[in-house]
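So the structure is just underneath, and the comments pick up after that.
Protein chains: 2
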Amino acid sequence: MSALSKHTAQSVTFSDIEDAHDRIKHIVKNTPIVSSSLLSSWLGHEVFFKAECLQTIGAFKIRGASNFIAKLAQQNKLPKRIVANSSGNHAQAVAYAARHFNIPVTIYASNTISAVKAAATQYYGATLLTFSTRPEADKAAYEASLEDGTVWIPPFNHPDIIAGQGTAAFEAFEQLDNIDAVFVPCGGGGLASGSLVCAKHVSPHIQVMGVEPLAANDAAESLRQKKIVSLQGPPITLADGAATPSVGEYTFPFLQKLDGFYEVTERDIAYWTQWLQHLLKLHIEPTCAMPMQGVFEWLKTQTSKQRVLVIISGGNISASSMQKIWATDYLNQPPILHKN
Amino acid sequence: MSALSKHTAQSVTFSDIEDAHDRIKHIVKNTPIVSSSLLSSWLGHEVFFKAECLQTIGAFKIRGASNFIAKLAQQNKLPKRIVANSSGNHAQAVAYAARHFNIPVTIYASNTISAVKAAATQYYGATLLTFSTRPEADKAAYEASLEDGTVWIPPFNHPDIIAGQGTAAFEAFEQLDNIDAVFVPCGGGGLASGSLVCAKHVSPHIQVMGVEPLAANDAAESLRQKKIVSLQGPPITLADGAATPSVGEYTFPFLQKLDGFYEVTERDIAYWTQWLQHLLKLHIEPTCAMPMQGVFEWLKTQTSKQRVLVIISGGNISASSMQKIWATDYLNQPPILHKN
Chain A
1 MSALSKHTAQ SVTFSDIEDA HDRIKHIVKN TPIVSSSLLS SWLGHEVFFK AECLQTIGAF
61 KIRGASNFIA KLAQQNKLPK RIVANSSGNH AQAVAYAARH FNIPVTIYAS NTISAVKAAA
121 TQYYGATLLT FSTRPEADKA AYEASLEDGT VWIPPFNHPD IIAGQGTAAF EAFEQLDNID
181 AVFVPCGGGG LASGSLVCAK HVSPHIQVMG VEPLAANDAA ESLRQKKIVS LQGPPITLAD
241 GAATPSVGEY TFPFLQKLDG FYEVTERDIA YWTQWLQHLL KLHIEPTCAM PMQGVFEWLK
301 TQTSKQRVLV IISGGNISAS SMQKIWATDY LNQPPILHKN
Chain B
1001 MSALSKHTAQ SVTFSDIEDA HDRIKHIVKN TPIVSSSLLS SWLGHEVFFK AECLQTIGAF
1061 KIRGASNFIA KLAQQNKLPK RIVANSSGNH AQAVAYAARH FNIPVTIYAS NTISAVKAAA
1121 TQYYGATLLT FSTRPEADKA AYEASLEDGT VWIPPFNHPD IIAGQGTAAF EAFEQLDNID
1181 AVFVPCGGGG LASGSLVCAK HVSPHIQVMG VEPLAANDAA ESLRQKKIVS LQGPPITLAD
1241 GAATPSVGEY TFPFLQKLDG FYEVTERDIA YWTQWLQHLL KLHIEPTCAM PMQGVFEWLK
1301 TQTSKQRVLV IISGGNISAS SMQKIWATDY LNQPPILHKN
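Residue numbers (this note's numbering), protein chains in the order written: chain A, 1 to 340; chain B, 1001 to 1340.
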């Protein structure tokens, strides 16, 4: 589907993220930083959250898609038609961003797409084509992308997507001073890559950590094997935003430069989703509650008071996920960090 | 417990709410107005939400408690000790407001208080005493309130509480123009009373509607019988914030002046809690999702485009409530208003 050339971790620079920020700041929201004094008190450290669940379309994905299309507009290369294959936040992101530039857009999805995501994608003006299986949808999107005047928008594995996703951290560093560490969920690695570039520009001393579900740990496995490996079949995880089969050739070199990488159990993903929903009063996805387990484990090893930034990636959750998240009551077990 | 004299609906004026606003604006948050373009599009009307779930302590209750204590401070009548009986948001509100004024506070609750609400109440500095039953807790609070230098803070049935709760609508009318109708959840009636006074001052043409669970419809029954009647035993409703056994002698005269009153089924409470959590990306209580069913029914009768304000009262939800709210998938049934 993509004809991307080999690239290195230098493929996206801080200046690319600055440019992306200028390009998309009138399209995306500068989301607020939120925190919980109770949580910070229990942990003995300060934790701040960049609330991308309050972003347009309910997820950070609008940043990459907007940057990709806005850059084409800047270069006078806007296509006649845009296509993308996704059943999730990327579908809504591409639909919304394409409408902003008045480009017709077609989304190719499997017919398992949730009613609510289908409705939102269509509300943003996209034509939605559904197929019996995801590979069929992918194939149809690929064939459509070969048509004249048509551009396919990749979900993560492209410098312009990475630079766009990096604008969340860019804004956060304008909103917050003296951050010691950043924790980011890792699916395809676009958000993690962009956040890394941004944080290391602000200060090379800022630790940047990726977090992944143990049940979909292709990135962790790739880091261990020093080569990109894919999941064997669709994973079963609450963190559906991090269930991507493999990272990409653009994102992997960045992931290799992360200061740490955490793999989180399904129990811990549900635990932190409950607690962050409760403490922050935000409807946040399991994917972005997951990094808190990484934060919790990392803080146990810290001897001085830390200021931590967590990128809350989104807030689009199916009813069946909500049922699973809340099946066990974890609110009876407050996340109190006992000093070692 | 209270020795309140008989009062009329003139007991709280707009000027009392203005005074309350000046008194507490440095203690409480001016919460944002949020909306969903998708929801407004589906309804064909504009609906705005005053997001009191993002308020300090996660609920509007901090407004009344703060006003009550701040007024005592203004009058140089701050007590040596404050007491309140509550297992819910009022406990946290009184704890937080008393700490602001450095007054020791004791909360009397039944031992069924949730671990998370107990922890928050204690975090705000209150001494928490728990009892086998709620009547025992109430009795102990009453006895404590008789002690010298001790003041009991009522949950809703007092002019200073009503004026304090009215500041949510006061702020909303500073944030929004041309509102046609206001929908408010009704438990004891403090929030509904304060919102009514405020809205009718802004314009007598603004319709103000109360909304109550059908399973705890003491206010609706009281309005029908033109006298305050109590629930027969504890109700079973998702909208626990509106499960108050009866309204009060201060709030009832205001409730009698409401322009409409809606009783909502448990199915509809769960339905709107799912949809508002999903669309607004906020962790909101069933109690404040409930008014949307009133809005939905009212909008069906409207022939011109309306601008509606809903006061979202809070966001403190137990895990067992979350399980019940999400037990059935209502996200497959979008709230689309078919024009009659």
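The beta carbon of each residue, even a glycine, is placed where N, CA and C say it ideally should be.
Taking Cβ-Cβ distances shorter than 8 Å, what residues in chain B pair up with residue 268/A? Taking the first sequence and counting its residues from 1, the one referred to as residue 268/A is at position 268. Within chain B, no residue comes near residue 268/A; the closest Cβ sits about 16 Å away, beyond 8 Å.
In chain order, which alpha helix (DSSP H) runs of at least 4 residues are fully inside the segment 276 to 315 of chain A? 286 to 289 and 291 to 300
Spatial neighbours of residue 325/A in its chain, beta-carbon cut-off 7 Å, leaving aside the 5 residues before and after: The sequence position of residue 325/A within the first sequence is 325, counting from 1. Result list for residue 325/A: 238, 270, 273, 274 and 286, in chain order.
Under 8 Å, Cβ to Cβ, is there at least one residue of chain B near residue 278/A? Here residue 278/A is taken as the residue at index 278 of the first sequence, counted from 1. It does: the Cβ of residue 278/A has a partner Cβ on chain B nearer than 8 Å.
3 or more residues per run - each beta strand (DSSP E) lying fully within the segment 162 to 220 of chain A: 181 to 185 and 207 to 213
Given a threshold of 16 other Cβ atoms within 10 Å of its Cβ, counted over all protein chains shown, does residue 1233/B qualify as buried or as exposed? By one-based count along the second sequence, residue 1233/B stands at place 233. Looking at its Cβ environment, which holds fewer than 16 other Cβ atoms inside 10 Å, residue 1233/B is exposed.
Could you tell me which chain A residues have their CB closer than 7 Å to the CB of residue 1329/B, listed as they occur along the chain? Along the second sequence, read from residue 1 onward, the residue named residue 1329/B stands at position 329. Within 7 Å Cβ-Cβ: 319 and 320.
Cβ neighbour criterion (16 or more within 10 Å) applied to residue 1023/B: If you number the second sequence from 1, residue 1023/B lands on position 23. Residue 1023/B is buried by the Cβ-count criterion.
Just curious, the alpha helix (DSSP H) that residue 1048/B is in, first and last residue? The count along the second sequence starts at 1 and reaches residue 1048/B at position 48. From DSSP, residue 1048/B is part of no alpha helix (DSSP H) but of the beta strand (DSSP E) over 1046 to 1051.
Take residue 246/A as the anchor and find which of 189/A, 18/A, 13/A and 73/A has the nearest alpha-carbon. Residue 246/A sits at position 246 when you count from the first residue of the first sequence. Considering only 189/A, 18/A, 13/A and 73/A, the residue with the shortest C-alpha distance to residue 246/A is 189/A.
Given that a residue counts as buried once 16 or more other Cβ atoms are within 10 Å of its Cβ, and exposed if not, what is residue 1224/B? Taking the second sequence and counting its residues from 1, one reaches residue 1224/B at position 224. It is exposed - the Cβ of residue 1224/B has fewer than 16 other Cβ atoms within 10 Å.
Looking at chain A, is there any beta carbon in it that lies within less than 8 Å of the beta carbon of residue 1089/B? As a working mapping, residue 1089/B is identified with position 89 in the second sequence. So no, residue 1089/B is outside the interface.
Quick one: what does DSSP say residue 116/A is sitting in, helix, strand or coil? By 1-based counting over the first sequence, the position of residue 116/A is 116. If DSSP states are grouped into helix, strand and coil, residue 116/A belongs with the helices.
What residue does the alpha helix (DSSP H) around residue 147/A start on, and which one ends it? Against the first sequence, residue 147/A aligns to sequence position 147. Element bounds for residue 147/A: n/a, residue is neither H nor E.
Note down, in chain order, each residue of its chain lying with its Cβ closer than 8 Å to the Cβ of residue 1107/B, except the 5 sequence neighbours on either side. Here residue 1107/B is taken as the residue at index 107 of the second sequence, counted from 1. Same-chain partners within the cutoff: 1083, 1084, 1085, 1086, 1091, 1094, 1095, 1121, 1126, 1127, 1128 and 1129.
Quick one: list the residues of chain B neighbouring residue 274/A, beta-carbon separation under 7 Å, in chain order. Sequence index remark: in the first sequence, residue 274/A carries index 274 (1-based). Within 7 Å Cβ-Cβ: 1319.
Would you list, in chain order, the members of the segment 199 to 221 of chain A that have their beta-carbon closer than 8 Å to a beta-carbon of chain B? none
Would you give the residue range spanned by the beta strand (DSSP E) that residue 1110/B belongs to? Along the second sequence, read from residue 1 onward, the residue named residue 1110/B stands at position 110. Start and end: 1105 to 1110.
Do residue 1165/B and residue 1081/B count as a contact pair if the criterion is CB distance below 8 Å? Taking the first residue of the second sequence as 1, we reach residue 1081/B at position 81. Taking the first residue of the second sequence as 1, we reach residue 1165/B at position 165. For residue 1081/B and residue 1165/B, no; Cβs fall outside 8 Å.
Opposite residue 260/A in the DSSP bridges: which residues? Here residue 260/A is taken as the residue at index 260 of the first sequence, counted from 1. Paired residue(s): 209/A.
Using the Cα positions of residue 1317/B and residue 1283/B, report the straight-line distance between them to the nearest angstrom. Within the second sequence, the letter at position 317 stands for residue 1317/B. Within the second sequence, the letter at position 283 stands for residue 1283/B. Answer to the nearest angstrom: the Cα atoms are 8 Å apart.
With DSSP run on the structure shown, which of helix, strand or coil describes residue 89/A? Mapped onto the first sequence, residue 89/A falls at position 89. Of the three classes helix, strand and coil, the one that applies to residue 89/A here is helix, per DSSP.
In terms of residues, what are the limits of the alpha helix (DSSP H) holding residue 1254/B? Working through the second sequence from its first residue, we reach residue 1254/B at position 254. Unbroken alpha helix (DSSP H) run through residue 1254/B: 1252 to 1255.
Is residue 1161/B buried or exposed, if buried means 16 or more other CB atoms sit within 10 Å of its CB? In the second sequence, counting from the first residue as 1, residue 1161/B sits at position 161. By the 10 Å Cβ count, residue 1161/B comes out buried.
Out of 1249/B, 1016/B and 1192/B, which one is the CA nearest neighbour of residue 1262/B? As a working note, residue 1262/B is residue 262 in the second sequence. With distances taken between Cα atoms, residue 1262/B lies closest to 1192/B.
If you count every other CB in all the chains shown that lies within 10 Å of the CB of residue 1277/B, and 16 or more means buried, which is it? Locating residue 1277/B in the second sequence gives position 277, counting from the first residue. So residue 1277/B ends up on the buried side.
Going by beta carbon distance, what residues of the same chain come within less than 8 Å of residue 131/A, once the five residues before and after it are set aside? For this step, residue 131/A is matched to residue 131 along the first sequence. Answer for residue 131/A: 108, 109, 110, 111, 137 and 140, listed in chain order.
Which of the residues in the segment 1179 to 1193 of chain B, read from start to end, lie with their CB under 7 Å from any CB of chain A? Taking a C-beta cut-off of 7 Å against chain A, none of the residues of the segment 1179 to 1193 of chain B qualify.
So, using beta-carbon positions, are residue 124/A and residue 1041/B closer together than 8 Å? Position 124 of the first sequence, counted from the start, is the residue given in the question as residue 124/A. Position 41 of the second sequence, counted from the start, is the residue given in the question as residue 1041/B. Taking 8 Å as the Cβ cut-off, residue 124/A and residue 1041/B do not qualify as a contacting pair.
In chain B, which residues lie with their C-beta within 8 Å of the C-beta of residue 123/A? In the first sequence, the residue the question calls residue 123/A occupies position 123. Near residue 123/A (Cβ distances below 8 Å), the residues of chain B are 1038 and 1041.
For residue 1059/B, which beta-bridge partners are listed by DSSP? On the second sequence, residue 1059/B is found 59 positions in, with the first residue counted as 1. Residue 1059/B pairs with 1314/B.
Determine the closest residue to residue 267/A out of 292/A, 258/A, 249/A and 226/A, with distance taken between C-alpha atoms. Against the first sequence, residue 267/A aligns to sequence position 267. Checking every option, the nearest Cα to that of residue 267/A belongs to 292/A.
Rank 202/A, 259/A, 331/A and 89/A by C-alpha distance to the C-alpha of residue 53/A and give the top, closest one. Taking the first sequence and counting its residues from 1, one reaches residue 53/A at position 53. If we check each option's Cα against that of residue 53/A, 89/A comes out closest.
Which residues in chain A have a C-beta closer than 7 Å to the C-beta of residue 1281/B? List them in chain order. The count along the second sequence starts at 1 and reaches residue 1281/B at position 281. Residues of chain A passing the Cβ test: 53, 54, 58, 282, 283 and 315.
Neighbour-count burial assignment, residue 1045/B, 16 or more Cβ in a 10 Å radius: Locating residue 1045/B in the second sequence gives position 45, counting from the first residue. Buried, by the Cβ-count rule.
DSSP three-state label for residue 54/A, please. Start at 1 with the first residue of the first sequence, and residue 54/A comes out as number 54. Note: residue 54/A maps to helix in three-state DSSP.
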